[in-house]
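Engineer: Please read through the structure below; I'll follow up with questions.
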Amino acid sequence: NTDCYQPAERKYKITRQLLEVFLEYRNPVSILTKNALILRDLDLLKELASMNLVSTLLSVTSLDPLLRSKLEPRTSTSRMKLKAMEELSKAGIPTGVMVGPIIPGLNDNEVPTILKQASEAGATRVAHTILRLPHAILPIFTDWLEKNYPEKSKRVLTRIMMIRGGKM
C-alpha cells in the first residue's frame, strides 16, 4: 500500500497496466497519490468513472513551496496537484483531497486554505491524517525537524504531545 504514481511509474507503467486489468474485469479502484502523473492515465480513469468504478484523492501537505519540498521532495508541487484535481474533476472522475500529514505547529494553519483551494479545483470530498510517529519514525522525524526547523522544533513536539495525551 503505497503511492502508485512514484517516479519509477513513468518508466514501468505498472499502475497503467493495473488500471487496464481493473477496467477489463470491472473492478473498483481507489487511488491516493501525491503526484500529478495520475493525469497520464486520464483515458482509463474516465472509462472507469463512467462505470462508477474509480475514485481519486490527491494529497496536499502544504501550499508553501519550501515546506512542501522539505516534507515531500520527490512529489508534484501543490499547484500541480490542484491542477490535476481540476482536470480529473472536469473529466467526471470523482476526486478529493487528502490533507496530511497535519503537523501541529508546522502546517496545521494551512488546512482551511488547502480545503478552499481543493474545493475550487473540484474536490468533492476530504480525508485527513494527523502526523503519526510510530517506532523508528520518531527519531527520524525529530532529527528532520531539528535540521529543517530548529526554531519551531520544541513548539511542534509539544503540540504533538498535547493532542496525543502527553505522548509522541
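All you need for this note's numbering is the position in the sequence shown, starting with 1, plus 95.
Where a beta carbon is used, it is the ideal one built from N, C-alpha and C, also for glycine.
Predicted model, so just to flag it, every value in this text is computed and none were measured.
#1: Any idea which residues DSSP pairs MET256 with across the strands?
#2: Evaluate LYS176 with the Cβ neighbour count: other Cβ atoms within 10 Å of its Cβ, from every protein chain shown; 16 or more gives buried, anything less gives exposed.
#3: Quick check on ILE229: does DSSP put it in helix, strand or coil?
#4: Name the two residues that bound the continuous beta strand (DSSP E) containing SER154.
#5: Name the DSSP beta bridge partners of GLY191, please?
#6: Which residue's Cα is closest to the Cα of LYS242: SER150, LEU166, VAL221 and SER173?
#7: Residues in the same chain with beta-carbon distance under 8 Å from ILE133, minus the five sequence neighbours each way, listed in chain order, please.
#8: For GLY200 and ILE258, what's the separation of their Cα atoms in angstroms?
Structural biologist: Judging by the given coordinates:
#1: Beta-bridge pairing links MET256 to no other residue.
#2: buried
#3: Note that residue 229 corresponds to Pro in the displayed sequence, not to Ile. Note: PRO229 maps to coil in three-state DSSP.
#4: 149–155
#5: LEU152
#6: LEU166
#7: TYR100, ILE126, LEU140, THR151, LEU153, ALA179 and LEU183
#8: 11 Å
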